[in-house]
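In full-length UniProt numbering, the protein residues as written are 1 to 612.
Cβ atoms here follow ideal geometry from the backbone N, Cα and C, with glycine treated the same way.
Here it is as structure tokens:
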């Protein structure tokens, strides 16, 4: 390369467009040093650093935990990041922020007082939190000593009446009222009222918002006096495409009518029987709490381009499941591609019979609770494009996560019939090995397999009740495991293979010391693990709760044959759980794997039990 070409290359690398493109791929800790290179870099990278702020990430929580302590920030330390520092920071850089997610009240107050965050494209307030001052702790303790009693009407009225000096605008004063939490001190009551108004002032000052998330925890700061005024404020956001409102109930039709650009809407509202009477072509995603069966079909009819629907339950409180689907839909199947709902036992047959026949384009189904055989059969018969099948659960008693014997194998046919399936995420489900290996998978492109495979019991009895000789049982078990591995080996696109989960219920009042799930794969080279050498794309391998026998040789084999492996679940131990006996063997294997391949992370699976 000549000297001139080298110079040209270096010059190109200094172009603002090139640096900005590179910076868009960097996280804030990586961007920070870039600001210190020179003035040009500082000018280019500063908007990228402040473009998106989420106060639950990086060093923000540590900084914000210092606030509201009411401890003197003295001792000559000028580096204390107190309220004044926070307000100064947002006053200086607030105009650069385009995406703001708030979890901490001090952030909301600082942003509101700075009056510089006026170019936001997205604004979210979710699980608001704060550190509690010593004064407030003492006040709450005194209130508890007095005993828990509901505030009377006179107390409610006192809390709702605050001097006009604490109202930021007459409009908000008519739309909102102070929260009626009588446990707070009067000072904190006034502060929260001001904080609640500041959020809505942010909304008013950012008319170009495209996304707005109003979390339910805003109720801790203020209540709703007039739904109509709040609807007017939101209707003024003409560019709004995404709205999540769990702060107050609102009419779906009113929201869609007044926000014509809206494509995604999430609410906690349990809609009335006459949910929609007009058609809205722009809606793509809807999430709500409960839906009557008639409302479901009305939504599918009046939102013909809806691609995603989430709800807690469908038709759970109906006296009779709606029989008029064909009439409501005018014989036109829905374009819905994604459905998330809770599959309650009482209504699962009705949903399988009356809903899935109208969803021929469904690509993704997530059920909170077990997916029944009726649902599986309905998917096979009516949803040929199915790509993703997920099964989630609410907490249940210890050991009840295991699929009852009569419900085993109900999803096996999905693997054998749905050729487009990419994700089979059903870690609570159990499939018998002999049935699994009877018929090949139809989904050769499967990328995620999360399911328990039940092998032959290691101690078997013959017809007379006499134990079968161990050598015969061992040979049969080994042959069976070979067949299982051969069956999985053809899934060469797998990036996640998860065969178990922590069997202890961490939400219970005690933690069981019992053994792992019985009748599971041994995961040894002798049992046939090496037959999975075809899984070159594997990144996640999980065997929590599996009665495995793998050792150092198997770990060495994994490192050699799964070059993309990044996460192991099964060797990590949670020292925070009570009643656990430390497993030295697991600890040794975990340490050995860290020596073999340090970049592999050892994780515990944490299950998501539904709505936040």
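message = Suppose you measure from the CA of residue 216 to the CA of residue 313; what does that come to, to the nearest Å?
response = Residue mapping note: residue 216 aligns to position 216 of the chain shown, counting from 1. Residue mapping note: residue 313 aligns to position 313 of the chain shown, counting from 1. Whole-angstrom Cα-Cα distance: 20 Å.
request  = Could you say if the stretch 164-183 and the stretch 80-89 meet the contact criterion of at least three C-beta pairs nearer than 8 Å?
outcome  = Taking 8 Å as the limit for Cβ pairs, the verdict is that the stretch 80-89 does not touch the stretch 164-183.
query = Which class does residue 522 belong to by DSSP, given the choice of helix, strand or coil?
reply = By 1-based counting over the chain shown, the position of residue 522 is 522. In the structure shown, residue 522 adopts coil according to DSSP, grouped into three states.
query = Looking at C-alpha atoms only, which residue of 353, 300, 306 is the closest neighbour of residue 331?
reply = Here residue 331 is taken as the residue at index 331 of the chain shown, counted from 1. It is 300.
key: Straight-line Cα distance separating residue 190 from residue 168   = Residue mapping note: residue 168 aligns to position 168 of the chain shown, counting from 1. Residue mapping note: residue 190 aligns to position 190 of the chain shown, counting from 1. Each residue's alpha carbon lies about 12 Å from the other.
request  = Could you say which of 204, 221, 424 lies nearest to residue 123 if we only look at CA atoms?
outcome  = Numbered from 1 along the chain shown, position 123 holds the residue referred to as residue 123. Closest in alpha carbon position to residue 123, among 204, 221, 424, is 204.
ask   = With distances taken between CB atoms, is the gap from residue 428 to residue 411 smaller than 8 Å?
value = Stepping through the chain shown from its first residue, residue 428 is reached at position 428. Stepping through the chain shown from its first residue, residue 411 is reached at position 411. Cβ atoms of residue 428 and residue 411: not closer than 8 Å.
request  = Return the first residue and the last residue of the beta strand (DSSP E) that residue 283 is part of.
outcome  = Here residue 283 corresponds to residue number 283 of the chain shown, with the count starting at 1. Run containing residue 283: none; DSSP gives neither H nor E here.
ask   = Contact check, residue 446 vs residue 493 under 8 Å by CB: the rounded distance?
value = As a working mapping, residue 446 is identified with position 446 in the chain shown. As a working mapping, residue 493 is identified with position 493 in the chain shown. Yes, residue 446 and residue 493 are in contact; Cβ-Cβ is about 6 Å, under 8 Å.
request  = Would you kindly check if the distance between the Cβ of residue 482 and the Cβ of residue 528 is under 8 Å?
outcome  = Within the chain shown, the letter at position 528 stands for residue 528. Within the chain shown, the letter at position 482 stands for residue 482. Their beta carbons are under 8 Å apart, which means residue 528 touches residue 482 by this criterion.
task = Starting from the C-beta of residue 53, find all residues in its chain whose C-beta is less than 6 Å away, skip the five residues before and the five after it, and write them out in chain order.
result = Start at 1 with the first residue of the chain shown, and residue 53 comes out as number 53. Excluding residues up to 5 positions away in sequence, 97, 100 lie with their Cβ nearer than 6 Å to the Cβ of residue 53 in the same chain.
request  = Please confirm whether residue 366 and residue 390 have their CB atoms less than 8 Å apart.
outcome  = Translated into positions along the chain shown, residue 366 becomes position 366. Translated into positions along the chain shown, residue 390 becomes position 390. In terms of Cβ geometry, residue 366 and residue 390 form a close pair [threshold 8 Å].
query = For residue 391, which beta-bridge partners are listed by DSSP?
reply = Translated into the one-based positions of the chain shown, residue 391 becomes position 391. For residue 391, which the question treats as bridged, DSSP gives the partners 367.
task = Can you have a look at residue 238 and say buried or exposed, based on whether 16 or more other CB atoms are within 10 angstroms of its CB?
result = The sequence position of residue 238 within the chain shown is 238, counting from 1. Residue 238 should be labelled exposed.
ask   = How is residue 441 classed by DSSP in three states: helix, strand or coil?
value = Numbered from its first residue, the chain shown carries residue 441 at position 441. The DSSP-derived three-state label of residue 441 is coil.
inquiry  = Tell me which residue opens and which closes the alpha helix (DSSP H) that residue 590 is part of.
reply    = By one-based count along the chain shown, residue 590 stands at place 590. From DSSP, the alpha helix (DSSP H) with residue 590 extends over 584-596.
key: Beta-carbon gap between residue 387 and residue 422 smaller than 8 Å   = Within the chain shown, the letter at position 387 stands for residue 387. Within the chain shown, the letter at position 422 stands for residue 422. In contact: residue 387 and residue 422 (Cβ atoms closer than 8 Å).
One or two residues paired with residue 568 in a DSSP bridge = Locating residue 568 in the chain shown gives position 568, where the first residue counts as 1. In the DSSP output, where bridge partners are listed per residue, residue 568 has 541, 602.
request  = Could you name the residues that DSSP lists as bridge partners for residue 309?
outcome  = Locating residue 309 in the chain shown gives position 309, where the first residue counts as 1. Beta-bridge annotation (DSSP): residue 309 is paired with 286, 339.
task = Compute the beta-carbon to beta-carbon distance between residue 343 and residue 371, rounded to the nearest angstrom, for a pair I have assumed lies under 8 Å.
result = Indexing the chain shown from 1 puts residue 343 at position 343. Indexing the chain shown from 1 puts residue 371 at position 371. Your pair residue 343 and residue 371 checks out as a contact, with CB atoms roughly 6 Å apart and the cut at 8 Å.
Spatial distance of residue 115 from residue 200 (CA atoms) = Numbered from 1 along the chain shown, position 115 holds the residue referred to as residue 115. Numbered from 1 along the chain shown, position 200 holds the residue referred to as residue 200. Computed Cα separation, rounded: 13 Å.
ask   = Since residue 293 is in the alpha helix (DSSP H), which residue starts that stretch and which ends it?
value = Taking the first residue of the chain shown as position 1, residue 293 is located at position 293. 293-302 is the span of the alpha helix (DSSP H), which, as asked, contains residue 293.
Alpha carbon of residue 487 to alpha carbon of residue 443, nearest angstrom = To locate residue 487, count along the chain shown from 1; it is residue 487. To locate residue 443, count along the chain shown from 1; it is residue 443. When the Cα atoms are used, residue 487 and residue 443 turn out to be separated by approximately 12 Å.
query = When DSSP builds the beta bridges, which residues end up paired with residue 187?
reply = To locate residue 187, count along the chain shown from 1; it is residue 187. BP columns for residue 187 are empty, so no partner.
request  = Pull up the distance between the alpha-carbon of residue 319 and that of residue 245, whole angstroms please.
outcome  = One-based indexing of the chain shown puts residue 319 at position 319. One-based indexing of the chain shown puts residue 245 at position 245. Answer to the nearest angstrom: the Cα atoms are 29 Å apart.
message = Rounded to the nearest angstrom, what separates residue 345 and residue 438 at their Cα positions?
response = As a first step, residue 345 is located in the chain shown; it is residue number 345 there, counting from the start. As a first step, residue 438 is located in the chain shown; it is residue number 438 there, counting from the start. Rounded to the nearest angstrom, the two C-alpha atoms are 29 Å apart.
message = Using the three-state DSSP reduction, which class does residue 615 fall into: helix, strand or coil?
response = The requested residue 615 is not part of the displayed model; the chain covers only 1 to 612.
query = Does the Cβ of residue 468 have 16 or more other Cβ atoms within 10 Å, making it buried, or fewer, making it exposed?
reply = Walking along the chain shown from the start, residue 468 turns up at place 468. Legend: pLDDT at residue 468 = 47, less than 50; position of this residue unreliable, value from coordinates given subsequently. Exposed.
query = When you compare only the Cα positions, how much space is there between residue 321 and residue 354?
reply = Here residue 321 corresponds to residue number 321 of the chain shown, with the count starting at 1. Here residue 354 corresponds to residue number 354 of the chain shown, with the count starting at 1. Rounded to the nearest whole angstrom, the CA to CA distance from residue 321 to residue 354 is 8 Å.
query = Do you know how far the Cα of residue 495 is from the Cα of residue 373?
reply = Locating residue 373 in the chain shown gives position 373, counting from the first residue. Locating residue 495 in the chain shown gives position 495, counting from the first residue. Here the alpha carbon of residue 373 sits roughly 27 Å from the alpha carbon of residue 495.
request  = Indicate the three-state DSSP secondary structure (helix, strand or coil) for residue 510 in the structure shown.
outcome  = Against the chain shown, residue 510 aligns to sequence position 510. Confidence in residue 510 is poor, its pLDDT being 48 and thus under 50, which makes the residue's placement unreliable; the coordinate value appears in the next sentence. Correct three-state label for residue 510: coil.
key: Close beta carbons around residue 489, own chain, < 6 Å, minus the five adjacent residues each side   = The residue labelled residue 489 in the question sits at position 489 within the chain shown. Sequence-distant partners of residue 489 (beyond 5 residues in either direction) whose C-beta falls short of 6 Å from its own C-beta, in its chain, are 531, 532, 534.
key: residue 549 to residue 425 span [Cα, whole Å]   = Counting from one through the chain shown, the residue named residue 549 turns up at place 549. Counting from one through the chain shown, the residue named residue 425 turns up at place 425. The straight-line gap from Cα to Cα measures roughly 25 Å.
query = Under a CB-based cut-off of 8 Å, is residue 263 close to chain C?
reply = The structure shown contains no chain C; it holds only a single protein chain.
request  = Check the DSSP bridge columns for residue 222 and list the partner residues they point to.
outcome  = For the purposes of this step, residue 222 is taken as the residue at position 222 of the chain shown. Per DSSP, the beta bridge partners of residue 222 are 178.
query = If we ignore side chains and look at the alpha-carbon of each, how far apart do residue 360 and residue 310 end up?
reply = Residue 360 sits at position 360 when you count from the first residue of the chain shown. Residue 310 sits at position 310 when you count from the first residue of the chain shown. Cα-Cα distance, rounded: 17 Å.
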